[in-house]
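To keep things clear, I will list the structure first and then write my remarks on it.
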Amino acid sequence: MTTRPGSQADAGPPAPQPAALRAVFLVGFMGAGKTSVGEALGRLLGWPFEDLDDRVQAREGRTIQQIFEESGEAAFRRAENTALRELLAEHGDVARVVALGGGAFVQPENAALLQRQGLPAVFLDAAPEELFERCRQDQQPERPLRRDLEQFRRLYDLRRPHYLKASLRVDTSGKDVESVAEEIVSRLGLR
Ligand code: S3P
Numbered sequence: 003m004t005t006r007p008g009s010q011a012d013a014g015p016p017a018p019q020p021a022a023l024r025a026v027f028l029v030g031f032m033g034a035g036k037t038s039v040g041e042a043l044g045r046l047l048g049w050p051f052e053d054l055d056d057r058v059q060a061r062e063g064r065t066i067q068q069i070f071e072e073s074g075e076a077a078f079r080r081a082e083n084t085a086l087r088e089l090l091a092e093h094g095d096v097a098r099v100v101a102l103g104g105g106a107f108v109q110p111e112n113a114a115l116l117q118r119q120g121l122p123a124v125f126l127d128a129a130p131e132e133l134f135e136r137c138r139q140d141q142q143p144e145r146p147l148r149r150d151l152e153q154f155r156r157l158y159d160l161r162r163p164h165y166l167k168a169s170l171r172v173d174t175s176g177k178d179v180e181s182v183a184e185e186i187v188s189r190l191g192l193r
């Protein structure tokens, strides 16, 4: 996601009406750019940005890597769900942009929480090979669920149908972060 836009994003299911929008949740696989696009979107809208993984780490007093190593993925998922519930409970009418970790929206209870509150989820998509490469270049944060390309592709394929339940899908291939943020603003009718 470094060059200017090339391709048009797909039309997804109808997006929520602007009047109902109090927050935007960014979902998608590892390397999708949820954090960098979220920061850019927050700047564009003048809304605060929050990364759910940061909240999980702060609540647990451990890094994601440590949670996986010491307590396993199931414990991480519970912590993630608790953090999301907490975030939504304190949410009120404050507008904000939130990036979810790559597996969060795949958990039906998390997707249902957003849906019940009419909060739009935006799926940032790209080919798994590109996502894998972006993670390799990033190196940070450490991603316990990114091993080799074969395993990465399989997990992406398993998860994609869940991501497609988001309100909007944005193809990020070959686009820079600002273009993706602007596309979200325009397609959600945020200005
Ligand atoms: C995960 C993705 C990570 C983080 C954790 C698990 C996943 O977030 O939540 O390592 O299950 O795909 P990013 O998508 O921000 O890397």
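Each residue of the sequence shown is one higher than the last, beginning at 3 in our numbering.
All residues carry an ideal CB built from backbone N, CA and C; glycine is no exception.
Check	Outcome
Can you confirm whether the region 67-75 touches the region 129-142 when touching is taken to mean that 3 or more C-beta pairs between the two stretches lie within less than 8 Å?	no
Have a look at THR65 and ASP55 and give me their C-alpha separation to the nearest angstrom.	9 Å
I need the DSSP call for ASP95, collapsed to helix, strand or coil.	coil
Can you grab the Cα-Cα spacing for the pair GLU180 / VAL187, in whole Å?	11 Å
At what residues does the alpha helix (DSSP H) containing ASP159 begin and finish?	151-165
Measure the C-alpha to C-alpha separation of GLY8 and LYS177 and round it to an integer number of angstroms.	Confidence at GLY8 is low in this model, with a pLDDT of 40, below 50, so its placement is unreliable and the value that follows should be read with caution. Distance between the alpha carbons of GLY8 and LYS177 is about 7 Å.
As a quick check of your reading: which residues have a C-beta less than 6 Å from at least one non-hydrogen atom of the ligand S3P, in chain order?	MET32, LYS36, ASP55, ILE66, GLY103, GLY104, GLY105, ARG145, PRO146, LEU147
If you check the beta carbons only, do PHE125 and LEU157 fall under 8 Å apart?	no
Nearest by alpha-carbon distance to GLN59: which of ARG161, TRP49, PHE78, HIS164 is it?	PHE78
Could you have a look at GLU184 and say whether DSSP puts it in helix, strand or coil?	helix
Using beta-carbon positions only, say whether TYR195 and GLY74 come within less than 8 Å of one another.	Given a span of 3 to 193 for the chain in the structure shown, any question on residue 195 remains unanswerable.
Going by beta carbon distance, what residues of the same chain come within less than 7 Å of ALA101, once the five residues before and after it are set aside?	LEU28, LYS36, THR37, GLY40, ASP53, LEU54
Return the Cβ separation of ALA81 and GLU62 in integer angstroms, given the expectation that the two are a contact with Cβ distance under 8 Å.	6 Å
Do you know how far the Cα of ASP150 is from the Cα of LEU121?	34 Å
Are LEU86 and LEU115 close, meaning C-beta to C-beta below 8 Å?	yes
Where do the N-terminal and C-terminal ends of the alpha helix (DSSP H) with LEU192 fall, by residue?	Segment: none, LEU192 is in no alpha helix (DSSP H) and carries neither H nor E.
Report, in whole angstroms, the separation of the C-beta atoms of TRP49 and ALA97, which I expect to be a contact under 8 Å.	5 Å
Extract the residue ranges of the beta strand (DSSP E) inside the region 63-129, only unbroken runs of 3 or more that lie entirely within it.	98-101, 123-127
For ASP53, does the three-state DSSP call read helix, strand or coil?	strand
Once DSSP output is grouped into helix, strand and coil, what is the label at PHE27?	strand
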